[in-house]
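According to this note's numbering, the sequence shown is numbered sequentially starting from 1.
Note that CB positions come from ideal geometry on N, CA and C, so glycine has one too.
Encoded as structure tokens, the structure appears first; notes follow it.
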Amino acid sequence: MKILVVDDEHDVKTLFQQRFRKEIKTGNMDFVFAFSGEEAITYLNENNQEAVLILSDINMPGMSGLELLDHIKRKFHAPPPVVMMITAYGDDENFNTAKRLGADDFLTKPLDFNLLKDKLKTII
1 MKILVVDDEH DVKTLFQQRF RKEIKTGNMD FVFAFSGEEA ITYLNENNQE AVLILSDINM
61 PGMSGLELLD HIKRKFHAPP PVVMMITAYG DDENFNTAKR LGADDFLTKP LDFNLLKDKL
121 KTII
């Protein structure tokens, strides 16, 4: 499964590579990283939307994760990617906006990687 992680914090790449070392090594999961909403859209356009799952931070400079979510749900239909939103703020406004825009799930930081792995297993 190809997973696109979108977060403006570059250290998230190392964190995911460490926490999913086994899944990456066996080829069960392949992670690609974008460090802005704009970079994520470029990746999806250039790679025929090959990401099955998109994990996106909400609060990023430039295009926010909510704007990215809206763009993805309007433009990429076949197959529709699963989009999970990630935020450090578990507030109702972000949650409700993300759900209204079509988010498939909502996670809070710091990420519980065991919970995330369980959720990913249901998608595979």
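Leaving out five residues on either side along the sequence, give the residues of the same chain with a beta carbon under 8 Å from the beta carbon of residue i.
i    : result
S36  : V6, D8, M60, P61, G62, M63
V143 : What is shown of the chain runs 1 to 124, which leaves residue 143 out entirely.
F16  : V5, F31, F33
E38  : G62, M63
Using the beta-carbon count (16 or more within 10 Å), is residue i buried or exposed?
i    : result
T42  : exposed
T26  : exposed
A78  : exposed
L120 : buried
N94  : buried
Under the assumption that residue i contacts residue j (Cβ atoms under 8 Å), give the Cβ distance between them as a whole number of angstroms.
i    : j    : result
G143 : I72  : With the chain covering only 1 through 124, there is no way to say anything about residue 143.
A40  : L68  : 6 Å
L107 : L101 : Actually they do not touch by this definition, with Cβ atoms about 16 Å apart.
Who pairs with residue i in a beta bridge, going by DSSP?
i    : result
I54  : L4, V83
L107 : I86
D30  : K2
Beta-carbon within less than 6 Å of residue i's beta-carbon, same chain only, minus the 5 sequence neighbours each way: which residues are those?
i   : result
K99 : none
### Query
Does the region 14-28 come close enough to the region 39-52 that 3 or more CB-CB pairs lie under 8 Å?
They do not touch, by the three-pair rule.
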